[in-house]
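In this note's numbering, the protein residues as written are 1 to 245.
Every residue gets a Cβ at the ideal spot worked out from N, C-alpha and C, and that includes glycine.
The model shown is predicted, which means the values in this text are computed figures rather than measured ones.
Report on one structure; see the data block that follows.
Here it is, written out as structure tokens:
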């Protein structure tokens, strides 16, 4: 770690994964009811964002529409005006914009924004839109992505926000990507790492924490995973019944 930036709130609260959502409920992942439920219980919130065809920052995990809506095709190929006509699951509501989620939270709890990218994503375009949506918002917001270019963009263009790099099975199990980790830690200078709970403990994360680095871990769903998170990370990104059970 080449610099010390302190964000105590990153480890202050468990983080509701895609909001406090529940199966067979209007509280569908990444929708306003799930966000509002997390706010009511005082949990920090993690959401996913990507761009619509007309450059709107939408809150939606999948790159395709079919799992959670009656639509088909890629989110990035559909303008938001058409996306609004597609209720997300049982919520009866369209996928929200990032601006809608910020309004619902109103700085009451911390927000972790996971930026979703694909091979052809123009990171600068996506992140410029995210920055515009965040303009004037004063609540605690962290930005993270599997794509380390996102953290590097934030270092250069959104330096006040804590930035994180997400590490999953592909990152830590492949020799090529493992070898690139020191490079990206030096270049992007993340403030935290977010790692798959099933990969804990491991030496890379242990060494990062030993140097004072913060670690979030996902997705914590069981009592056993809660114990692992408590021992080897600082903030669990959870889904019920973990934390709430």
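- Query: So what does DSSP say about residue 75, is it helix, strand or coil?
  - Reply: helix
- What are the boundary residues of the alpha helix (DSSP H) that residue 81 is part of? From DSSP, the alpha helix (DSSP H) with residue 81 extends over 80-83.
- Would you mind giving the Cβ-Cβ distance between residue 57 and residue 51, rounded to the nearest angstrom? I have them listed as a contact below 8 Å. 6 Å
- Message: Quick check: the region 93-111 against the region 78-85, are at least 3 beta-carbon pairs closer than 8 Å?
- Response: yes
- Query: If we ignore side chains and look at the alpha-carbon of each, how far apart do residue 169 and residue 215 end up?
  - Reply: 16 Å
- Tell me whether residue 55 sits in a helix, a strand or coil according to DSSP, three-state version. coil
- Query: Where does residue 164 sit, in a helix, a strand or coil, going by DSSP?
  - Reply: strand
- If you draw a straight line from the alpha carbon of residue 120 to that of residue 90, how long is it in whole angstroms? 31 Å
- Which residues share a DSSP beta bridge with residue 196? 218
- Close Cβ partners of residue 126 (< 6 Å) along its chain, the five nearest in sequence each way excluded: 51
- Residues near residue 64 by beta carbon distance below 8 Å, same chain, minus five either side: 72, 73, 74 and 75
- Query: Using the rule of at least 16 other Cβ atoms within 10 Å of the residue's Cβ for burial, across every protein chain shown, is residue 19 buried or exposed?
  - Reply: buried
- If you draw a straight line from the alpha carbon of residue 176 to that of residue 155, how long is it in whole angstroms? The straight-line gap separating the alpha-carbon atoms of residue 176 and residue 155 is approximately 24 Å.
- Message: My output table needs one value for residue 110: the three-state DSSP class, helix, strand or coil.
- Response: coil
- Message: If you follow the alpha helix (DSSP H) that residue 145 is in, where does it begin and where does it stop?
- Response: Counting along the chain, residue 145 falls outside any alpha helix (DSSP H), though it belongs to the beta strand (DSSP E) covering 141-145.
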